[in-house]
Amino acid sequence: MIDRISELRAEAEAAIAGVGASAELENLRVRYLGRKAELPNLLRGVAGLAPEQRGPTGKAANEARQALEARIAERSGELEAAELDARLLSDTVDVTLPGEPARPVGRLHLLTATRREIEDVFLGLGFRIAEGPEVETVYYNFDALNHSPTHPARGRTDTFYVADDVVLRTHTSPMQVRSMEAQPPPLYVIVPGRTYRRDSDATHTPQFHQIEGLAVDEDITLADLKGTLLAFARAVFGEEREVRLRPHFFPFTEPSVEVDVSCFMAHTRERCRVCKDTGWVEILGSGMVDPNVFAHVREYGYDPERIQGFAFGLGIERIAMLKHGVPDLRLLYDNDVRFLEQFG
Amino acid sequence: MRLPLEWLHDYCSPGLEAGELATRLAMTGTEVDRVLHHGVGELDAFVVGRVLAAEAHPDADRLTVCRVAIGEGAETQIVCGAPNVAAGQTVAVARPGAVLPDGTKLRKARLRGVESDGMILAEDELGIGIEHAGIMVLAEDSLQAGQPLAGVLPIATPVLELEITPNRPDCLGIYGVAREVHAATAAPLAPPPWSEDPGSFDGDVPCEVVVEAGDLCPRFVARAFTGVTIAPSPPWLKARLMAAGQRPINNVVDITNYVMVLTGQPLHAFDLDAIAGARLIVRRAGDREQLVTLDGQTRVLDPAVCLIADGDGPASIAGVMGGARSEVSPGTTRVLMEAASWVGANILATSSRLGLRSEASARFEKGLAPEQALEAQAVATRLMLELCGAKLVPGTIDIGGAGADPQLVRLRDARVGGLLGVDIARSESALHLQRLGFGVTERSDGLDVAIPPHRRNDVTREADLIEEVARLHGMDDELPATLPSRRGAVGVLTREQRLRRRAEDALTAAGLHEIVGWSFEAPGRDDVLRLAPGDPRRRRVVLENPMSEDQSVMRTTLLGSLLDAAGLNAARGQGAPGLFESGAVYLAGGGPLPCEHHALGALVPGDVLAAKAHLEAVLAALRVEAAFTAAPQPFLHPGRSARVDLAHAPGAQLGWLGDVHPLVARAWDLDVVAAFEVDLGALLTHASAVPAYEDLTSYPELRQDIAVVVDTAVPAAAVLAAVRAAGGKLLGRAEVFDVYTGAQIAAGRKSLAVALAFRAPDRTLTDEDAAPVRERIVARLAEALGGELRG
Ligand SMILES: [Zn+2]
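So the sequence lines, in the order shown, correspond to chains H and Y. What the first sequence shows, in the numbering used here, is residues 177 to 520, in sequence order. What the second sequence shows, in the numbering used here, is residues 326 to 1116, in sequence order.
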């Protein structure tokens, strides 16, 4: 009897090991362990055996049954895993098809993206951001900025007038005086915004964007201006950049300088379209705030004998076009999506 | 201002290549637009020649075959087309290889079968004059055949095109720039060309000058010349004028232009015999007084205009343009040379009002020093005597005299270093200033600086002197790059700036592209947008001097900009992309300045709900709850538009949204598009920038859906309002998630599916807890809106 049990167990174990599919395994389970199978019948017949045989035979049959059940479960796991693998391998998708549903990405306009980039540089340098009216008084736009009564920029050929004493601001500089009226020194502020001049050609549009900068304290120097603009130039155009100050003239700064940044293009044999092979690109105008400007805000804590500062004004369009190689200013105002999608 | 270096070198010759000089000038404050070459190229190919023989060409009437000596016994054959060529002449010859001013390279040629080995030149072919009728015949006395032509005539020179800033009219003359070059390079500076004045101050000038408008004419200097012979100027003078961009006319007029270019001071030569009554009066014009200017136009004047009149009336507009009547002519023998100072502001006003700008007015308008008038007169006197065979009538009319005595400005050493961030020795400052013509006296704390007349208007304060020192000291390696001490300065975005970025980012995240539109538009847009006569958006800020009618008023809504961009893209075959703009709109009135507010608007393909989904993305990003109420806008579809209010402050309108009215869309050739616009500034003030924590996770919410059937006209918002009102504290959220009309619903009715979420802060709710609330909701819907539960 016990021999028969061993025989059955060995036979079943061999069959289980050899089975290739879950369905066949179920057949084996029925054949060896099912209600009508020999092994369970043997087990049921143990009661009829001689008492001294019951123990060993029952034990052997039980062991055999448990072992076979374990083997079947184990084999079943193996087969299912193999079958899942086979099923997954045959279930393929062309992963080179586009994602679905599409999640189109919108873009900030290049001018906004550039403005934010510059804002972030100056935020890091300790400047806050101020904003002011685009329709501005002649006082803030010209008078308080030391423009002589005959300065050509005041002319109706250059500046849009809304009334005799109201213009579309020609620069973001009016906010210099407005900011100083609003807060005593030390003052560190930049002013992004729309500006207007009566100009229209490939390099001028009647509407454009500037960022003004103003730093005023007791000890702000021209060297500080240079360092600040160097930090700006490196952040925007690359860490290898240098800046160069060229003396110039603006009514509301003294000394006044134009600022060049070293060319950031790879120079090959062809003439550089950015710097015309001079190695330098003009990016902005700046200087030390003219004492006459402080004189307009003396009562707000700006005594020109006690405080000094620098100011600068840069064109966002120019920075954006230089940095991204945009050849024509007017592209920025067409708002053709094929342009918009490239930036931001 | 064109600076021929050949001319500059008379006064300061720094021994630099043109490009090097340009860089040095640029780095010390004189901007150089371009470096040009004026005149011919390949100088070796230009020589003095002597015509040995001139014979008619065998096959051409107008050509002459010349044998020309070109030095060291060499001869060459040149076929010449000029009528005046003749044996014995000393001429200018270009040999093969020569490059003419227009860039043509000369080669050997055959003219009608006869070999020609060069060219005998007319002065225009050399760029030293405008004469083309015949070849230039050189004064023969000391010239040798074969001598380099460049040694005889200034036939080539580099020219720097300078951009002189408006504060530096002293640099509008060659000598003024020479002074600047001297300061920038330390090369020696020759004495000024006016240092020796051949004129006299004793004697009677045979013309009376009366300055009635002394407030407009600080100085008037005149001298008279007799025995004048009007003739062409000598080649060297013509050549210099050409290089400086002036056209030679005759010796007297050329002298006025030459002196102007050299000294910066314009002059005017009158034919003394044409001055009616031998009397000039400087006065304001009468109202509507007329004058025919040299360009042949009749000018109508007014009392703001200063003019020079003689016995017959106005003779010239002072400082701007002369009149035809007293002009120097070929028969002139007596000349009154005038050099005057005019008030710059008045000249600028006159020339812009008359639309008349001249070389003279461009200089006067910047404000010249009275001293320059006499300086120019001195140079002109010398040239009149040397070049016109003239005799000077003793005496000088000088009304007004020199300007104020030099101002003294203290330059403190400490301020120099304090403002620049680099210390500069007092001795160095003194050196720079002296080279620029300032007087310098040492004081205990710095320098007392005397301002010379040519810088009187520009340099008046210590800061101005510091600029002079700084630019000559150098700002390149000489100036360190440091950062401010930033005392108390913290860079941070304001709440509004941070939230504005978030709102814009919400729209890009939703797939919209940002545009930047024009702030100006056409006035007719009011009608295109169907704005009613009283619509506040018709309160336009109007430009007094627009560049065009299409850009003559400021926008009062972003919708026009959005439609422009959408229309352009559609017309270019780009379909209808979703677009938004974040920018200002302008409403006139309410004070000296218009009301500007920052608006956020979008235009999307699809209908009002597509627009609303985008607005909701913004509102969600900002955590603002808005209420939407059906309401018309003139430019929107009347049945598919809404006003947007704050949920908790109805009446404070934030904006609108809806389908764009088909007639408006059609004006831009667009199909169905929808739009919204909100006052972003107002919206941001209600944004929840710092949300407070609410416990939503400790106890799960109990979710149930109901479907309620109501009349089609009942808005979903009314259903939700009823649900919320009845739901009380236990109702956490209620949202419409489906609308159904159709076979199973009665006509004129619709079914709204509403998701309810019940929640308590202190326990997990059961169906038994929710049941009475749900009953209240159902009852309320029935009572208030005639709603019935479906199914
Ligand atoms: Zn380059």
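The beta-carbon is built from N, C-alpha and C at its ideal position, and this holds for glycine as well. Bear in mind that the values here come from a model prediction, so they are computed numbers and not experimental data.
Among the options, which residue has its Cα nearest to the Cα of residue i?
i: D994 (chain Y); options: Y:L888, Y:D384 and Y:V929; result: Y:L888
i: F426 (chain H); options: H:I396, H:M351, H:T335 and H:V465; result: H:V465
i: E803 (chain Y); options: H:G253, H:G221 and H:K402; result: H:K402
i: E711 (chain Y); options: Y:G524, Y:A936, Y:V586 and Y:A481; result: Y:G524
i: L808 (chain Y); options: H:G302, H:T404 and H:L321; result: H:T404
i: G636 (chain Y); options: Y:R609, Y:A1082, Y:L616 and Y:R604; result: Y:R604
i: A199 (chain H); options: H:T429, H:E388, H:E256 and H:P467; result: H:E256
i: G302 (chain H); options: H:S266, H:A407, H:A223 and H:W456; result: H:A407
i: L693 (chain Y); options: Y:S654, Y:R565 and Y:G644; result: Y:G644
i: L361 (chain Y); options: Y:G413, Y:P426, Y:L377 and Y:M352; result: Y:P426
i: V784 (chain Y); options: Y:E450, Y:L474 and Y:N492; result: Y:N492
i: Q978 (chain Y); options: Y:E821, Y:L1005, Y:D996 and Y:A423; result: Y:L1005
i: H779 (chain Y); options: Y:A698, Y:P719, Y:L797 and Y:A831; result: Y:A698
i: V477 (chain Y); options: Y:A1072, Y:V943, Y:V416 and Y:E521; result: Y:V416
What I want to know is whether the C-beta of residue i ends up closer than 8 Å to one or more non-hydrogen atoms of ligand 1.
i: V457 (chain H); result: yes
i: D436 (chain H); result: no
i: H443 (chain H); result: yes
i: D453 (chain H); result: yes
i: D450 (chain H); result: Contrary to the premise, residue 450 (chain H) reads as Val rather than Asp in this sequence. For ligand 1, at least one heavy atom lies less than 8 Å from the Cβ of V450 (chain H).
i: C439 (chain H); result: yes
Based on the DSSP output, what are the partners of residue i in its beta bridges?
i: M444 (chain Y); result: Y:A419
i: Q615 (chain Y); result: Y:V625
i: C631 (chain Y); result: Y:R609
i: A481 (chain Y); result: Y:G364
i: M464 (chain H); result: H:F486
i: H922 (chain Y); result: Y:V910
i: K1075 (chain Y); result: Y:V1035
i: R359 (chain Y); result: Y:E486
i: Q386 (chain H); result: H:G369 and H:G491
i: T954 (chain Y); result: Y:R968
i: Q978 (chain Y); result: Y:D970
i: L661 (chain Y); result: Y:A549 and Y:F595
Keeping to the same chain, check which residues put their C-beta closer than 7 Å to that of residue i; ignore five residues upstream and five downstream.
i: R354 (chain H); result: G308 and Y316
i: R437 (chain Y); result: H382, D384, A385 and L388
i: E690 (chain Y); result: G669, I672, L673 and S676
i: I1102 (chain Y); result: V1048, A1051 and G1052
i: A913 (chain Y); result: R864, R865, V866 and P919
i: V473 (chain H); result: V353, M356 and E357
i: Y364 (chain H); result: G302, F303, R304 and A391
i: V765 (chain Y); result: A755, L758, Q759, L772 and V774
i: A351 (chain Y); result: V357
Got a sec? Which residues, its chain only, sit under 8 Å from residue i by beta carbon, not counting five neighbours each side?
i: G725 (chain Y); result: V536, G539, C542, P543, R544, F545, S666 and P695
i: D598 (chain Y); result: T657, T658 and R659
i: D453 (chain H); result: H443 and R447
i: Q615 (chain Y); result: T623, R624, V625, L626 and P639
i: I600 (chain Y); result: C532, D635, G636, A640, S651 and L661
Beta-carbon within less than 6 Å of residue i's beta-carbon, same chain only, minus the 5 sequence neighbours each way: which residues are those?
i: H507 (chain Y); result: C337, L514 and R760
i: A992 (chain Y); result: V853
i: I722 (chain Y); result: V530, V534 and A547
i: P517 (chain Y); result: Y500
i: V404 (chain Y); result: L388, V390, L436, V439 and S441
i: A394 (chain Y); result: R375, L377, E400 and A470
i: W519 (chain Y); result: E700, A703 and V704
Compute every distance between the C-beta of residue i and the non-hydrogen atoms of ligand 2, then say whether any falls below 8 Å.
i: M709 (chain Y); result: Among the ligands present in this structure, namely ligand 1, ligand 2 is not found.
Checklist entry - Counting only runs that start and end within the segment 414-464 of chain H, where is the beta strand (DSSP E) found for 3 or more residues in a row? => result 419-426 and 429-438
Item to check | Secondary structure, beta strand (DSSP E): runs of 3+ residues fully inside the segment 733-781 of chain Y | outcome: 733-737, 764-768 and 771-775
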